[in-house]
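Numbering (our numbering), first residue to last: 461 to 1010.
All remarks here apply to the structure that follows.
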Amino acid sequence: MSVSTIGAFVIGEYPEAVAVMLFYQVGEFFQSLAVKRSRKSISDLMDIRPDSATVRRNGGELITISPENVSIGEIIIVKPGEKIPLDGVVLDGDSMLDTSALTGESVPRSVHKGDEALSGCMNQTGVLMIKTTKAFGESTASKIIDLVENASSRKAPTENFITTFARYYTPVVVILAAFLAILPPIILGGGWTEWIRRGFVFLVVSCPCALVISIPLTFFGGIGAASKRGVLVKGSNYLEALNNVSAIVFDKTGTLTKGVFNVTDILPANGFSKEQVLEYAAEAESFSNHPIAKSILAAYGKEIDQSVISDYKEISGYGISVMAGGEKKVFAGNTKLMDTECIEYTTCENAGTKVYLAVDGQYAGCILITDEVKPDSKKAISDLKHIGVEKTVMLTGDDEKIGKSVAEELQLDEYYAQLLPDQKVEKVELLDSKKRPGSKLAFVGDGINDAPVLARADVGIAMGGLGSDAAIEAADVVLMTDEPSKLVDAIEVAKATKQIVMQNIVIALGIKSVFLILGALGIAGMWEAVFGDVGVTIIAVLNAMRILKE
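As structure tokens, then:
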């Protein structure tokens, strides 16, 4: 553009030279406007960064300091209208929290004593006393901000192609413009001014601004549009990959189901009472944070003296072994644990998650635990098939009956039950080998115990990433709420982004090709050349801005 402007002045085409500069500035204005709007949803997310924290120190004195200087375990006070500066647990107070900056959801969430409070949420109604559980750098707000700020560094294949294309395209067209300006006068004789003018026209039209600006801008806007819906995409490469997802594999617990378990029945055996079975199970599960363990402890409802529990051992995919009271060897787990320990037991035929219990080698009974399917899981599966996902599969460590029941209710294409963590990876690899060539496989899990599978899939998607470190670390895409339907939103935004990118490529190359030919033949002048470059750039940028309405 600079060469063309100076050249136009040299050959006396002053109005054309001014036109190039003027319209280039108009193009720059629209570009900056588009970037500003694209960044708005991202900057809204940046607003979750807290400015200060009110800490109780020196025997109860309240002091206001930077969140970076608050230690784990300190007590912070958050008043109505203030952002929660660090992750923690509510020690006192009741309030409503605005989580929209994290989740995209407008409905406030209530918190009470004992609940988790996440940084970045806005406290709306009551004063909260919170005991911090994470340092500022490890808090939810910091991790999300870091994730979004680094998203632009992971470029989509289309972006990389355009960058590479421009690197070779630009010097080629400059050389062609020089040939167009110099060779015809030498070969044909005379007419230098006319051919130099044609060379400059060719140069202006060939400028790749429309592609180089609009393509990255569209992907950037797509990431912003997704974040507005409560979906964090770690890079435009993952946004583009979502377009090609043909198979989606779901974890069951906490993804398609609520992950909120309740003890619904206790089936004692060999002279044990229901109370004894529940007590032994509660002692065995007292060190575990698994949702099933929490449901047993909630059903037991009493304090457990952990000092009398020893030799605690968690056997992945099987269950738990522990010495209770210093003298009783307790096994709590699935049928595989009972088989491994050679314990004779009675198989429970009821639908639900079963925890079998053995005390000193004798079968004591079975605890039946049930989980509920999330309200929007069925609609999410239906919508995914509607937008082009060819296969939906569920993997679960639960038994065959539960897997079949959930799969039939949600109308999934396939399911695999009673899987150990390493077997889930094997199943994903098997499904990956069967997918359509050129397509992608996505895995959706809770991000806590699914890190190996999330990493193995083409696109790892963490469900309910709100407050889950493992989700934010392991996944490529994080759905900030527990709703499977957010996955549909993510794919729709990805498809809309890709559609706009392809439109801009066709518009830019199509119009420029016509004007390049017209310029070389002397039919198009500098004014038409300006439209062929700046005008096309403005059209492409305005088209890119449409993604923000998604």
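By construction, the Cβ of each residue, glycine as well, lies at the ideal position given by its N, Cα and C atoms.
- Cβ neighbours of residue 820 within its own chain (closer than 7 Å, five residues either side excluded): 788 and 789.
- Bounds of any alpha helix (DSSP H) do not take in residue 571; it lies within the beta strand (DSSP E) bounded by 569–571.
- If you look at residue 886, you'll find it isn't in any beta strand (DSSP E); it sits in the alpha helix (DSSP H) that goes 881–894.
- Within the segment 670–755, the runs of alpha helix (DSSP H) at least 4 residues long that lie entirely inside it are, in chain order, 696–701 and 734–745.
- Residue 558 is bridged by DSSP to 582.
- By the C-beta density criterion, residue 604 is buried, having at least 16 other C-beta atoms within 10 angstroms.
- Pairwise C-beta distances place the segment 837–856 out of contact with the segment 805–825, as fewer than three of them are shorter than 8 Å.
- For residue 844, the enclosing alpha helix (DSSP H) has its first and last residue at 837–846.
- Residue 855 and residue 737 do not touch by the CB rule: their CB atoms are close to 30 Å apart, not below 8 Å.
- For residue 923, same chain residues with a beta-carbon under 6 Å away, outside a window of 5 residues either side, are 715, 904, 906 and 939 in chain order.
- Judged by DSSP secondary structure, residue 778 falls outside any alpha helix (DSSP H); it is assigned neither H nor E.
- The beta carbon of residue 582 sits closer than 6 Å to the beta carbons of 543 and 558 from its chain, once the five residues preceding and following it are set aside; these are given in chain order.
- Put simply, the backbone Cα of residue 666 is about 33 Å away from that of residue 898.
- Taken atom to atom, the span from the alpha-carbon of residue 713 to that of residue 994 is near 53 Å.
- Here DSSP, grouped into helix, strand and coil, assigns residue 760 to helix.
- When only Cα atoms are considered, residue 754 and residue 956 end up about 42 Å apart.
- About 22 Å separates the Cβ atoms of residue 659 and residue 671, ruling out a contact at the 8 Å cut-off.
- Between the beta-carbon of residue 577 and that of residue 550 there is about 5 Å, and that keeps the pair under the 8 Å contact cut.
- Distances from the CA of residue 695 to each of 835, 677 and 711 were compared; the closest alpha carbon is that of 677.
- Straight across, the Cα-Cα distance linking residue 985 with residue 978 is about 9 Å.
- Note on geometry: alpha-carbon atoms of residue 874 and residue 795 lie some 23 Å from one another.
- Separation of residue 634 and residue 643 (C-alpha to C-alpha, rounded to the nearest whole angstrom) is 14 Å.
- Under DSSP, residue 517 shares a beta bridge with 521.
- Under the three-pair Cβ rule at 8 Å, the segment 950–968 counts as touching the segment 679–687.
- Boundaries for residue 991: no alpha helix (DSSP H) harbours it, and the DSSP string shows neither H nor E there.
- For residue 482, the closest C-alpha among the options 987, 706, 493 and 937 is that of 987.
- In this structure, 747 is the residue among 540, 805, 597 and 747 with its C-alpha nearest to the C-alpha of residue 767.
- By the Cβ neighbour-count rule, residue 868 is exposed, with fewer than 16 other Cβ atoms within 10 Å of its own.
- Exclusion of the five residues before and after residue 726 leaves 734, 737, 738, 825, 826, 827 and 828 as the residues of its chain whose Cβ lies within less than 8 Å of its Cβ.
- Shown here, residue 872 sits in coil according to DSSP, grouped into three states, outside any helix or strand.
- Listed in chain order, the non-local C-beta contacts of residue 916 below 6 Å within the same chain comprise 885 and 888, local neighbours out to five positions each way being set aside.
- Under the DSSP assignment, residue 955 falls in the alpha helix (DSSP H) whose first and last residues are 945–980.
- 709 is the residue among 477, 596, 835 and 709 whose C-alpha sits nearest the C-alpha of residue 876.
- Pairing residue 962 with residue 1001, the inter-Cα distance amounts to about 13 Å.
- Contact between residue 590 and residue 548 holds, since their C-beta atoms are separated by about 4 Å, short of 8 Å.
- Straight-line measurement puts the Cα of residue 975 at about 21 Å from the Cα of residue 627.
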